[in-house]
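Everything in the sequence shown is counted per our numbering, starting at 10 for the first residue and increasing by one. Every residue, glycine too, gets a C-beta built ideally from N, C-alpha and C. Worksheet: one structure, shown below.
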Amino acid sequence: MMGAQGQIIMEIIDSHTHWGPSVSTGTEVTTQELLKQADQSGVGRIVTFPFPSMALADEKINERLLGEANRTKRFIPYYYIPETMKPIPEGKGFYGGKWHWMRGIQDSSSNYEALKDPKLEEFIETSEKIDLPLVFEEELSFTETFVRKTKSLKIIIPHLGMLGGNPMDFLRSFKSSENIYFDTALASPDTVMRFIKEVGHERILFGSDIPFGTMKWELEKVLSLPIGDDKKELILSKNLRRLIGLEQIV
Ligand SMILES: [Zn+2]
């Protein structure tokens, strides 16, 4: 959609941010900080989830995030999946989940024993029924094994697979899996374009990964891609809204 001055008018949703205190870094991303970055960037709503170290220390952070989302109205809260593999609780107001190096070493090595846990089958079965997406971060071969166990569960691979391995390997593995999505956080424009060319525009989501990226910079990156505004709109909000069943508000 174009405005009177030719500027793009569309709702923009950031699909990947972290909120709250982080035990491991001793820092905190406040609600005010997220809203400030959103206002500076023209972002309407913000998907956010607790920091891993905080969620592992105290699972109640999930509840606190829900409370914050109810107050601000602009947050789209995701549930941090605890090490017990408890699926996203239904009817509480979570729109998705964050699966993060389950029982492994965060951002560095997967724990393959988790794939042998009998609870995993139950987790997948329940999650398929709940039908909300999971931002899923693990090493490539862990991710491959997990993905082979489900055809319908919607999985979002953050930063095009960076940290879990080489993005090009993730691309090769999941190119033809229609239930696998990717977010653009921290990736180079060239890599994002490569993904768009190979998987299409419908499975790519804009994300900033605050505090590891900034919303303004990450958004500028997507807005500068050599693609049409209709395609940008898919990446900036439509794909995510479709995934989580969210109404358009612009
Ligand atoms: Zn992140």
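Around the C-beta of proline 86, 16 or more other C-beta atoms lie within 10 Å, and the residue is accordingly described as buried. Looking from the CA of proline 91, the closest CA among Trp110, Lys101, Gly102 and Tyr121 belongs to Trp110. The criterion of a C-beta distance shorter than 8 Å is not satisfied by glutamate 187 and leucine 162. Pairing threonine 159 with aspartate 140, the inter-Cα distance amounts to about 12 Å. When the beta-carbon positions are compared, isoleucine 21 and valine 52 come within less than 8 Å of each other. Taken atom to atom, the span from the alpha-carbon of phenylalanine 151 to that of serine 182 is near 12 Å. Pairing phenylalanine 155 with methionine 94 gives a Cβ-Cβ distance that is not under 8 Å. Counting along the chain, no beta strand (DSSP E) covers isoleucine 253; the unbroken alpha helix (DSSP H) around it starts and ends at 248-253.
Arginine 212 and arginine 80 have their C-alpha atoms roughly 30 Å apart. In the displayed model, arginine 157 falls within a helix according to three-state DSSP.
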